[in-house]
Amino acid sequence: MEATIDIRTADGNVNILLDDAQVGAIREVLVDLCLSTMAEFSMLIDAAGRVVAQGGEVAAFDSEAIAALAAGDLATTRQLARMLGEPEFALLFQHEKQKNLFMTAVENDAILIVVFDVETTFGALRLRIRRSISQLQQILHQARKNTVVALASASDATRRTIEEKEEEHEGETAKVEASAATPAAGQAATAAQTGLPEQLAMDVRKAVAWFEGFKGWEVMFKDEVAFMRNSLSRNRPEEVENVRMTLVRTRARLTEQKRLLEAKFRMVQSLYQQFLSALHAVMLKAWTAEVVDRAMKAAFAGAGAKFNMINAGAQKKPDGGWVLEFGAIGKQMVLMCHAREMNYQDGVGELLRQLNASLMALSAFLAENARLREELIQSWGRVFHHYAEGLKTLDLESEALELFRPLVRPGQMPKA
Amino acid sequence: MPTNFIEIRSADAELLDSELRSLCARSGAEAVVLLDLSGAVLSFHRIPEAIDVLMFSALLASNFAATEELSKKLGVTDFRVIFHEGKKQNLYFDKVSEESVLVVLFKDSNALGRVRLFCEKSIPELARAVAAITKGAEAAAAITQGRDAAGSIREIVESLKIPRGGD
Numbered sequence: 001m002e003a004t005i006d007i008r009t010a011d012g013n014v015n016i017l018l019d020d021a022q023v024g025a026i027r028e029v030l031v032d033l034c035l036s037t038m039a040e041f042s043m044l045i046d047a048a049g050r051v052v053a054q055g056g057e058v059a060a061f062d063s064e065a066i067a068a069l070a071a072g073d074l075a076t077t078r079q080l081a082r083m084l085g086e087p088e089f090a091l092l093f094q095h096e097k098q099k100n101l102f103m104t105a106v107e108n109d110a111i112l113i114v115v116f117d118v119e120t121t122f123g124a125l126r127l128r129i130r131r132s133i134s135q136l137q138q139i140l141h142q143a144r145k146n147t148v149v150a151l152a153s154a155s156d157a158t159r160r161t162i163e164e165k166e167e168e169h170e171g172e173t174a175k176v177e178a179s180a181a182t183p184a185a186g187q188a189a190t191a192a193q194t195g196l197p198e199q200l201a202m203d204v205r206k207a208v209a210w211f212e213g214f215k216g217w218e219v220m221f222k223d224e225v226a227f228m229r230n231s232l233s234r235n236r237p238e239e240v241e242n243v244r245m246t247l248v249r250t251r252a253r254l255t256e257q258k259r260l261l262e263a264k265f266r267m268v269q270s271l272y273q274q275f276l277s278a279l280h281a282v283m284l285k286a287w288t289a290e291v292v293d294r295a296m297k298a299a300f301a302g303a304g305a306k307f308n309m310i311n312a313g314a315q316k317k318p319d320g321g322w323v324l325e326f327g328a329i330g331k332q333m334v335l336m337c338h339a340r341e342m343n344y345q346d347g348v349g350e351l352l353r354q355l356n357a358s359l360m361a362l363s364a365f366l367a368e369n370a371r372l373r374e375e376l377i378q379s380w381g382r383v384f385h386h387y388a389e390g391l392k393t394l395d396l397e398s399e400a401l402e403l404f405r406p407l408v409r410p411g412q413m414p415k416a
Numbered sequence: 417m418p419t420n421f422i423e424i425r426s427a428d429a430e431l432l433d434s435e436l437r438s439l440c441a442r443s444g445a446e447a448v449v450l451l452d453l454s455g456a457v458l459s460f461h462r463i464p465e466a467i468d469v470l471m472f473s474a475l476l477a478s479n480f481a482a483t484e485e486l487s488k489k490l491g492v493t494d495f496r497v498i499f500h501e502g503k504k505q506n507l508y509f510d511k512v513s514e515e516s517v518l519v520v521l522f523k524d525s526n527a528l529g530r531v532r533l534f535c536e537k538s539i540p541e542l543a544r545a546v547a548a549i550t551k552g553a554e555a556a557a558a559i560t561q562g563r564d565a566a567g568s569i570r571e572i573v574e575s576l577k578i579p580r581g582g583d
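So the protein sequences, as listed, match chains A and B. Positions 1 to 416 (my numbering) are the ones given, in order, by the first sequence. Positions 417 to 583 (my numbering) are the ones given, in order, by the second sequence.
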């Protein structure tokens, strides 16, 4: 199956893979919906806030921004529904003179958005939307089935590749050891000599090889990896249970840490993107776009001398705004962690320091002007409060607060 | 902009309470909440005990703010109303003033039209009461000069010990 687009859960895991034909079918349903109801625009997005397909007057709307906001909105709506014991809420906002929006979850992680103007009656639209929803559900069910099959075969293929590589690796190890020792000892240098059962030895070797590829994790699980590595060569049968437990525990902790890291990274991504947009908007009130861009570039370039993640990721959009491209930032962070033997959690810490440094440098200019300073504090404060709970949970609160530091005048310090 | 802190005098509180009671009865609603956009509850009536009102109103406020932001992206300039349609219960949000929102929880058996009608009738009175409260809060904020006017980040300011330019 040739997947072109994936549907992700709110925490970024791939849930459904869609091929060209399925994306085309979804687009057809959306276009059809717009044509038959006179709706202006419709869009299917995933819970991570990414656009899957759209129909209608696509050019008239900033679909990516709408998708990101809508996904966040639906997440709070779901929380409200849960509080009231409802399975799900469909959301509708209305404006008598301008535009109306209807938003509902199609599947767990797919959200349908329809924008319509005052000419369209909602009663008629609602009936038509039900039909579109069931069509979309059919497509997504089929895609989900295909995804399960595709992922199962992919994991089979990966397993086979790992096993092949391992065999090669074992062959090479045996050769090296054979050349170093006497021929008799060389022949004895086999997996059986680890003192671990064959399956466990294989699992441990796989785990150690994996950690070698991901230095950031190896640093974090230094003791565990060292213990497992040594267990392969020590031949101590009494250690077997200990090794098994270490392997299981390390796997479990690794999964937990990976999730935590991913959540942190995503939280930082959405928070700082909004901080940057707010800052950009306020800066444009004070200077021309050209000056603002120059200031931006200078601040990003100054974020760090080596492994500057912000400079690697900051990009100017065609519409004049600035975005932080977190794909590039993530790559740079991994490179830095490898080079400096840092764990990835500290990598996120360094990323936050760089983000704070560049945004603080920019906001320092604005702090000179009382009105702009006030505006910036207010818009950042709003964004911060929107994310406050999540930041607290992920222990990111204090780093995000750092950003407000240059904005506070000594005279305004409240008395403790 | 949400103010630093809100002081509600007992007369205002009674006024809000009686207005929400009458709205609840006339519209056949299950419960009503009037909240500040920063998530603080100004007044509420008949919220089920199982629901933590503070958390509920914080969620309502953030949901309203997120949807308002979404509406701006669509070019709506005067955003006011949201309707959440559930299987058995619905929520209706109506903006009372720049800083406050009225939220009505009602059953599926009740008509949205009825809820909307009585909300619209109650809103002018509620808006007046909210304006009186806000005015009082502004006056209080003026007295405590030196505190940041952007009350929503008061905690942030408090956590800072370093003077400006300390970066």
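In this text, a Cβ means the ideal position worked out from N, Cα and C, and glycines have one as well.
Report back the beta-carbon spacing between residue i and residue j to the nearest angstrom; my notes put them in contact at under 8 Å.
i	j	result
V52(A)	A110(A)	7 Å
A150(A)	L17(A)	6 Å
L518(B)	Q505(B)	At roughly 17 Å, the Cβ-Cβ gap does not stay under 8 Å, so L518(B) and Q505(B) are not in contact.
L403(A)	E397(A)	Contact doesn't hold; Cβ gap of about 11 Å is too wide.
K488(B)	I66(A)	Actually they do not touch by this definition, with Cβ atoms about 10 Å apart.
A47(A)	A71(A)	6 Å
Y344(A)	W217(A)	7 Å
P197(A)	V148(A)	P197(A) to V148(A), Cβ: 32 Å. No contact.
L407(A)	S358(A)	Incorrect: roughly 15 Å between the Cβ atoms, too far for contact.
S516(B)	L453(B)	7 Å
V334(A)	L261(A)	With a Cβ gap of about 11 Å, V334(A) and L261(A) do not count as contacting.
L254(A)	F221(A)	7 Å
Any heavy atom of the ligand ATP inside 6 Å of the beta-carbon of residue i?
i	result
F404(A)	Ligands in the displayed structure: none, and consequently the ligand ATP is not present.
Is it buried or exposed for residue i, if we count other Cβ within 10 angstroms and need 16 for buried?
i	result
V219(A)	buried
A188(A)	In this predicted model, A188(A) has a pLDDT of only 40, less than 50, meaning its place in the structure is not dependable; the value taken from the coordinates is given anyway. Exposed, since its Cβ has fewer than 16 Cβ neighbours within 10 Å.
L30(A)	buried
N230(A)	exposed
L112(A)	buried
A445(B)	buried
Q22(A)	buried
T288(A)	exposed
H386(A)	buried
K145(A)	exposed
E224(A)	buried
K503(B)	exposed
V492(B)	buried
L432(B)	buried
E435(B)	buried
H141(A)	exposed
K285(A)	exposed
D510(B)	buried
N242(A)	exposed
Q274(A)	buried
T121(A)	exposed
Roughly how many whole angstroms lie between the Cα atoms of residue i and residue j?
i	j	result
L470(B)	E484(B)	21 Å
G327(A)	R234(A)	42 Å
I5(A)	G24(A)	11 Å
A474(B)	A400(A)	21 Å
L69(A)	L486(B)	6 Å
G49(A)	L74(A)	10 Å
D117(A)	N526(B)	26 Å
A192(A)	M245(A)	In this prediction, A192(A) has a pLDDT of 48, which is less than 50 and means its spatial position is unreliable; what the coordinates show is noted afterwards. Straight-line Cα distance between these residues: approximately 20 Å.
A427(B)	A60(A)	49 Å
L200(A)	L394(A)	34 Å
Q378(A)	E536(B)	30 Å
M103(A)	Q269(A)	24 Å
T9(A)	L44(A)	14 Å
D494(B)	M342(A)	50 Å
Would you please verify whether the beta carbon of residue i is less than 7 Å from any beta carbon of chain D?
i	result
A70(A)	The displayed structure is made up of protein chains A and B, and chain D is not among them.
Name, going along the chain, the residues of the region 72 to 86 of chain A whose beta-carbon falls closer than 7 Å to a beta-carbon of chain B.
G72, D73, T76, T77, Q79, L80, A81, M83, L84, E86
So if I threshold CB-CB distances at 8 Å, which residues from the region 34 to 68 of chain A count as touching chain B?
F61, D62, A65, I66
Contacting positions in the region 289 to 308 of chain A - beta carbon closer than 9 Å to chain B:
none
Got a sec: which bits of the region 477 to 492 of chain B sit with their beta carbon under 8 Å from any beta carbon on chain A, in order along the chain?
S478, N479, A481, A482, T483, E485, L486, S487, K489, L490, G491, V492
Run through the region 490 to 541 of chain B for me and flag every whole beta strand (DSSP E) of 3 or more residues, listed as ranges in chain order.
497 to 501, 505 to 513, 516 to 523
Start-end ranges of the alpha helix (DSSP H) lying completely within the region 434 to 483 of chain B, minimum 4 residues:
none
Using a Cβ-Cβ cut-off of less than 9 Å, give me the residues of the region 495 to 508 of chain B that come near chain A, in sequence order.
F495, R496, V497, I498, F499, H500, E501, G502, K503, K504, Q505, N506, L507
Against chain A: residues of the region 453 to 479 of chain B by CB proximity under 9 Å:
S454, G455, P464, A466, I467, D468, M471, F472, A474, L475, L476, S478, N479
Could I get the ranges of all uninterrupted alpha helix (DSSP H) runs contained in the region 106 to 145 of chain A, with 4 residues as the minimum, in chain order?
none
Which ranges would you report for the alpha helix (DSSP H) in the region 194 to 263 of chain A if only whole runs of at least 4 residues count?
198 to 213, 215 to 220, 222 to 234
Note down, in chain order, all residues in the region 114 to 135 of chain A with a beta-carbon under 8 Å from any beta-carbon belonging to chain B.
V115
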